[in-house]
Every structure is written in C-alpha cells, then in structure tokens.
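Everything in the sequence shown is counted per my numbering, starting at 366 for the first residue and increasing by one. Idealized CB from N, CA, C, for every residue including glycine. Below: the structure, in structure tokens.
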Amino acid sequence: QVQLVESGGGLVQPGGSLRLSCAVSGSNSSIYAVDWFRQPPGKQRELVATVTTIGLTTYTDAVKGRFTISRDNAKNTVYLQMNSLKPEDTAVYYCNMDLQKIGRLWGQGTQVIVSS
C-alpha cells in the first residue's frame with residue numbers, strides 16, 4: 366500500500382525552527398508536484414507551499430522568507446523547513462503529492478504547536 370509518511374512536527378517556542386518531512390512509502394514512483402497545506406485550529410485547510418516537478422517553488426505570503434520547501438528525489442522525500450516560527454503557524458501540516466501512475470495522495474498530518 367502506498368502511503369505518505371510525515372514526521373518532524375512538535376512543540377516549539379516562538380522564533381524557533383522545525384523541519385517537516387514527507388516520505389513515500391510502498392512505491393518507487395516518481396514524485397511530480399508537491400504541496401504542503403496546514404489547518405489551524407477551527408479554520409480551513411490552506412495551501413502553504415508548492416514545489417513543482419522541476420523544482421520551482423511558491424509560498425503563501427504569510428510564510429515567505431521563513432519557510433522553505435525542498436525535495437530529495439533520490440529519497441522520494443519532500444521537506445518543509447520552517448524558521449522564525451510564530452504562534453499563528455500553529456496547525457496540523459499535511460503534504461500532498463502527485464505521484465507517477467498513482468495520482469494525488471495525502472499524508473496523515475503532523476501537529477506543529479508554536480507556544481512559549
């Protein structure tokens with residue numbers, strides 16, 4: 366069974382950093398585009414960052430200059446480096462990948478809490 370396995374969430378103080386990972390399990394399919402979403406408590410899920418097949422990246426304004434999305438094709442893994450974290454970054458973070466011959470899959474989500 367093909368799954369996306371997320372890791373790296375946790376509790377961090379304001380100004381701190383976390384790196385989220387999203388790895389493909391159960392398949393060697395190539396990764397096309399990847400999105401990171403987040404869902405703050407009581408709010409709708411929102412798109413945070415995207416990396417395309419050729420490595421082009423886009424970010425929502427709220428995280429520009431603080432978050433970096435990257436991919437390691439050899440490891441079939443995508444990362445979200447989050448720096449200068451703010452309380453408003455608190456959310457469950459989800460990766461969404463477009464996989465060759467499989468289509469779009471969601472990760473299980475990882476909780477990020479930014480609090481002192």
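query	result
Pull up the distance between the alpha-carbon of Ser511 and that of Gln409, whole angstroms please.	Nothing in the structure corresponds to residue 511, since the chain is present only between 366 and 481.
How close, in whole Å, do the beta carbons of Leu385 and Met462 come, if the pair is a contact with beta carbons under 8 Å?	Between Met462 and Leu385 the Cβ distance is about 13 Å, and since that is not below 8 Å, they are no contact.
Which word fits Ile419, buried or exposed, when buried means at least 16 other C-beta atoms lie within 10 angstroms of its C-beta?	exposed
What does DSSP give as the partner residue(s) for Ala439 in the beta ladder?	Note: Ala439 sits in no beta bridge, so no partner.
Scan the segment 380-406 and note each continuous beta strand (DSSP E) run of 3 residues or more that stays entirely inside, going in chain order.	383-390 and 396-404
Output the distance between the C-alpha atoms of Ala398 and Tyr424, rounded to the nearest integer angstrom.	14 Å
Enumerate in chain order the residues of its own chain whose CB-to-CB distance from Glu449 is below 7 Å, with the five nearest sequence positions on each side excluded.	For clarity, residue 449 is Ser in the given sequence; the question names Glu instead. Around Ser449: Gly380 and Arg431.
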